[in-house]
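To start, the structure under review is shown below, and the notes come after it.
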Amino acid sequence: MSNRYLDVSLALLLTAFGQSSFAQQSCEKLKGLQVPKVEITSATLVQAGSFASSLPTVAGNTTVVLATHCEVKAVARPTSDSEIGIEIWLPAENWNDNYEQLGNGGWAGAIHEAPLAGALQHGFVAAATDDGHRGGMSADGRQAIRSAAFAIGHPEKLIDFGYRALGETRATALAAIKAYYGHDAVRSYFSGCSDGGREALMVAQRFPEDFDGILVGDPGNDWSHWAAGLVWNEQAQFADSPSAIPIAKRALIQSAVIAACDTIDGVKDGLISDPRFCRFDPAVLTCKGTDAPNCLTAPQIAALKKIYEGPQNPRTGEQIYPGYPPGIENAPGSTIITPSRQSTSSFGDTYFGQALFEQKNWDFRTLDFDKDIAFSDRKGSPVVDSINPDLRSFRDHGGKLIQYHGWSDALIPPGGSVVYYENVEAFMSKYPDPRSDSSNPVDTFYRLFMIPGMGHCYGGAGPTSIAPTGSADATDPQHDLMLSLEQWVEKGIAPEMLIGSGKTPNAPTKTMSRPLCPYPKMARYKGKGDTNDAASFECAAPPAQQ
Numbered sequence: 003m004s005n006r007y008l009d010v011s012l013a014l015l016l017t018a019f020g021q022s023s024f025a026q027q028s029c030e031k032l033k034g035l036q037v038p039k040v041e042i043t044s045a046t047l048v049q050a051g052s053f054a055s056s057l058p059t060v061a062g063n064t065t066v067v068l069a070t071h072c073e074v075k076a077v078a079r080p081t082s083d084s085e086i087g088i089e090i091w092l093p094a095e096n097w098n099d100n101y102e103q104l105g106n107g108g109w110a111g112a113i114h115e116a117p118l119a120g121a122l123q124h125g126f127v128a129a130a131t132d133d134g135h136r137g138g139m140s141a142d143g144r145q146a147i148r149s150a151a152f153a154i155g156h157p158e159k160l161i162d163f164g165y166r167a168l169g170e171t172r173a174t175a176l177a178a179i180k181a182y183y184g185h186d187a188v189r190s191y192f193s194g195c196s197d198g199g200r201e202a203l204m205v206a207q208r209f210p211e212d213f214d215g216i217l218v219g220d221p222g223n224d225w226s227h228w229a230a231g232l233v234w235n236e237q238a239q240f241a242d243s244p245s246a247i248p249i250a251k252r253a254l255i256q257s258a259v260i261a262a263c264d265t266i267d268g269v270k271d272g273l274i275s276d277p278r279f280c281r282f283d284p285a286v287l288t289c290k291g292t293d294a295p296n297c298l299t300a301p302q303i304a305a306l307k308k309i310y311e312g313p314q315n316p317r318t319g320e321q322i323y324p325g326y327p328p329g330i331e332n333a334p335g336s337t338i339i340t341p342s343r344q345s346t347s348s349f350g351d352t353y354f355g356q357a358l359f360e361q362k363n364w365d366f367r368t369l370d371f372d373k374d375i376a377f378s379d380r381k382g383s384p385v386v387d388s389i390n391p392d393l394r395s396f397r398d399h400g401g402k403l404i405q406y407h408g409w410s411d412a413l414i415p416p417g418g419s420v421v422y423y424e425n426v427e428a429f430m431s432k433y434p435d436p437r438s439d440s441s442n443p444v445d446t447f448y449r450l451f452m453i454p455g456m457g458h459c460y461g462g463a464g465p466t467s468i469a470p471t472g473s474a475d476a477t478d479p480q481h482d483l484m485l486s487l488e489q490w491v492e493k494g495i496a497p498e499m500l501i502g503s504g505k506t507p508n509a510p511t512k513t514m515s516r517p518l519c520p521y522p523k524m525a526r527y528k529g530k531g532d533t534n535d536a537a538s539f540e541c542a543a544p545p546a547q548q
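Residue numbering for the sequence shown follows our numbering, beginning at 3 and increasing consecutively.
Rendered as structure tokens:
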């Protein structure tokens, strides 16, 4: 080999070493970063390599390859009782100049690394928080369980969980970005599902100018009323033992629902495209004699009807929260029909028993759906709920928001997303955007996509593969919600139709694709063509509106 090539190779090696050394020094300097009431506990340069997580990544894998990045850990203490854990991952190179904050799940209590890894793969600086407590951890230290015991006697910690941790995380992350790169992020995004969806709507309402794009998935944004619905289901089935529906009957019920409502979209394929138009009467399953595996008893039918109806105020008849739609009784992870009451409503019990009433041994049978809900609306809702329909500041800031919810979500009723969207639409119609000539008061900044067959946040048979929080395998905005949001924010191209794909419910060995339409539209079969091909469908008004 000539000296010339040796010289070039040596130069490249020294350059790479120099860059690595510079990145390490820059990262370590973040240990001294000064942020009010925040302690930087570590700043470590993590070299490129495989990342394994006990939780699925946004791409659905458990192992991904990540670029070299600076991993910063911090604790924010805005009050004397606050201990907000924060983690920030900063790409050492090829940063896309944008920041993405990731939401948590359940009652939090941990920082989930998989979403951070997904955002880093896309070139974002990524940050997340444990929402202010580290309790309720699983053995591997990664996954929080369904406990709000941290809130008993600690009202400030509940506020940290409700919203304060979100602002502390952003402030710390932006300071780290400025110190590490020497300039601010160009744009800020927030994405999350479940509790993370609640958080996503929380930042749109409480911090409307902080984020340019927000991706909201299956949100528990009306957290307190959702909890009431879980206890409602618990009372319906377990307050009186004959009302309990055996788990073995879930498939029986769901099959009957699909038989009654499968063709709403014009195709018989085992998929209910919009369960709002499903007219299913559980009485068709009434046992003709004694209880049997292929029928329901009268108490079981009464319990099932209450689950579909959802919680109501017994004095006024007011609907407190939507019920679960028919057709998701046997969905994966279902909390509707379960073998025990603890499986049915752990979030309901923990909200009322621990977070609201601060009792360790609260009895679910004592919940009063009039007085106790009113008390919750005064004490708990202002802290944990993100239900404010006034998104004027977010709209006027130029923010864009995409929300999605699986019609087969058997944890958080999908009707809750519809209710919030319609509440925003009604409120914003009073304050039209002078820059828009659209008759829809929200479509310049807010789109809702309801996804047939999708369970809680992901999975399920049907067109459920739409990369909810960004995927390394995504290729274009029409097939990826996060890319669609980025395109809307950065290029002004609003999502008029997305394409989901997945396994065909009636034939799991086959794949299908289907348009996903902005609410209230739904995918309708054109009358000809392959029913597993999105091209054979169009976005149209639902049956009741045609």
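Here a beta-carbon is modelled for each residue, glycine too, at the ideal position from N, C-alpha and C.
Of Glu498, Met524, Ile255 and Asp532, the smallest CA-CA separation from Thr513 is found for Asp532. The C-beta separation of Arg449 from Pro415 comes to about 20 Å, leaving the pair out of contact by the 8 Å criterion. Between Pro443 and Gly400, the alpha-carbon positions lie close to 14 Å from each other. In the structure shown, Ile260 falls within a helical segment according to DSSP collapsed to helix, strand and coil. Under the three-state reduction of DSSP output, Val386 falls in the helix class.
Between Asn223 and Arg208, the C-beta gap is not smaller than 8 Å, which leaves the two residues out of contact. Lys307 and Leu47 have their C-alpha atoms spaced approximately 56 Å apart. Judged by their CB atoms, Gly418 and Tyr323 are nearer to each other than the 8 Å cut-off.
With contacts defined by Cβ atoms closer than 8 Å, Leu217 and Leu483 form a contacting pair.
Between Asp162 and the set Val385, Ile495, Pro522 and Gly319, the nearest pair of CA atoms involves Val385. The way I'd put it, the stretch 367 to 387 doesn't touch the stretch 420 to 427; fewer than three beta-carbon pairs between them come closer than 8 Å.
Put simply, of Pro465, Trp97 and Gly198 the residue whose alpha carbon is nearest the alpha carbon of His114 is Gly198. Approximately 6 Å separates the beta-carbon atoms of Val188 and Asn100; this is inside 8 Å, confirming the contact. Boundaries cannot be given for Thr368, as no beta strand (DSSP E) includes it and DSSP labels it neither H nor E. Under the three-state reduction of DSSP output, Thr288 falls in the strand class.
Our two residues, Pro248 and Asp445, have alpha carbons roughly 44 Å apart in a direct line. For Leu500, the enclosing beta strand (DSSP E) starts and ends at Leu500 to Thr506. The distance from the Cβ of Leu298 to that of Pro277 is about 19 Å, inconsistent with a contact at the 8 Å cut-off. In this structure the stretch 228 to 243 touches the stretch 305 to 319; the number of beta carbon pairs closer than 8 Å is three or more. When Cβ pairs closer than 8 Å are counted between the two stretches, the stretch 448 to 462 is seen to touch the stretch 519 to 528, the count reaching three or more. Between Leu203 and Ile255, the CB-CB gap reaches or exceeds 8 Å. Cβ neighbours of Ala45 within its own chain (closer than 7 Å, five residues either side excluded): Cys29, Glu30, Leu32, Lys33, Cys72 and Val74.
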